[in-house]
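Letter 168 of the sequence shown, counting from 1, is numbered 160 in my numbering, and no numbers are missing.
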Amino acid sequence: MKNNDETIKKTIIDTLYWDSRVDASDVKVQVDNREVTLRGTVPNYAASEAALFDAYRVSGVTKVDNQLLVKYSSEIEIPLDREIKTNIETQLAWHDSIKDSEIQVSVKNGKVLLSGHVDAYWKKFKAEQIISGLTGVVGIQNALTVVPTKAVVDDVIADDVVKAISRSPIVDVDAIDIQVKNGVVTVSGAMSNRVEYEAALDAVSNTFGIKDIVDRLHIK
């Protein structure tokens, strides 16, 4: 396993240095039994998220613990918390898919808390994606809840999820167990790689009526 871990580590490091979104000069990568830990600093929150994404995309990786800290360059003027809050609210208002949602924003020392509700599960993470690149943001806690515009019975949600996953050319729907209770979808099973894992979750996330997802998928 050691040789495999070293190969994974080298591939991750090479990928991080290749990715122009990430300044990898202060990033340390540790791999133990295909589980990755990222430590060090990056110049903004978006770079931290990009590094996490890059690590997960490397073949053989089963888990990533992102311990990266955001450290802005001394040349960058960091907005005050109230200015960050205003910038976030402005960004969310500009996006048609999000602007009518009931989202409250609070910021403390650059750490953002999103609360309130949206009407679709995918919008919960779209909101986070929209604000991740804003200057001054060092972390995001996403406490948004999902309140669909109309109720959908669990059996219909389960059927729609199965159909959505079946349409994916890279996911084996027979390898996934799907349970739905009160709009909360639990997915479990073994995925061949991260690409298949993400495709399965993406299919679930975009299904109408879902309030939350319990992710019990793992990479074998």
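Every residue gets a Cβ at the ideal spot worked out from N, C-alpha and C, and that includes glycine.
Straight-line gap, residue i to residue j (C-alpha atoms, nearest Å)
i      : j      : result
Asp85  : Gln22  : Reading the sequence as shown, one finds Ala at residue 85 and not Asp. One C-alpha to the other measures close to 40 Å.
Lys55  : Ser98  : 30 Å
Ala233 : Tyr64  : No answer is possible for residue 233: the residues shown for the chain start at -7 and end at 212.
Thr127 : Thr82  : 14 Å
Asn198 : Phe45  : 20 Å
Ala156 : Ser51  : 25 Å
Lys20  : Asn174 : 42 Å
Ser184 : Arg26  : 14 Å
Pro35  : Lys116 : 25 Å
Ala119 : Gly131 : 14 Å
Asn134 : Gln96  : 11 Å
Lys100 : Ile80  : 13 Å
Asp57  : Ala47  : 10 Å
Gly108 : Leu136 : 5 Å
Classification of residue i by the beta-carbon crowding that lies within 10 angstroms, buried from 16 upward
i       : result
Ser93   : buried
Ser158  : exposed
Val138  : buried
Ile4    : buried
Ala182  : exposed
Leu60   : buried
Glu(-2) : exposed
Glu67   : exposed
Tyr37   : buried
Leu106  : buried
Under the three-state DSSP convention, the category residue i falls into
i      : result
Glu67  : coil
Gln59  : coil
Thr3   : helix
Asn101 : coil
Asp164 : coil
Lys142 : coil
Thr29  : strand
Beta-carbon proximity list for residue i, same chain, < 6 Å, skipping 5 on both sides
i      : result
Tyr113 : Val138, Ser197 and Ile202
Glu188 : Ile162 and Val163
Ile76  : Val99 and Gly128
Nearest candidate by alpha-carbon position, reference residue i, set the options
i      : options                    : result
Pro140 : Val110, Gln121 and Gly125  : Val110
Asp15  : Gly32, Thr3 and Val28      : Gly32
Ala150 : Pro161, Leu136 and Val165  : Val165
Asp146 : Asp(-3), Leu105 and Val176 : Val176
Val62  : Leu30, Tyr48 and Glu75     : Leu30
Cutoff 7 Å; reference residue i; Cβ partners in own chain excluding five residues on either side
i     : result
Lys91 : Leu84 and Ala85
Sequence-distant residues of its chain with Cβ nearer than 8 Å to residue i (five each side left out)
i      : result
Ala167 : Gly181, Ala182 and Met183
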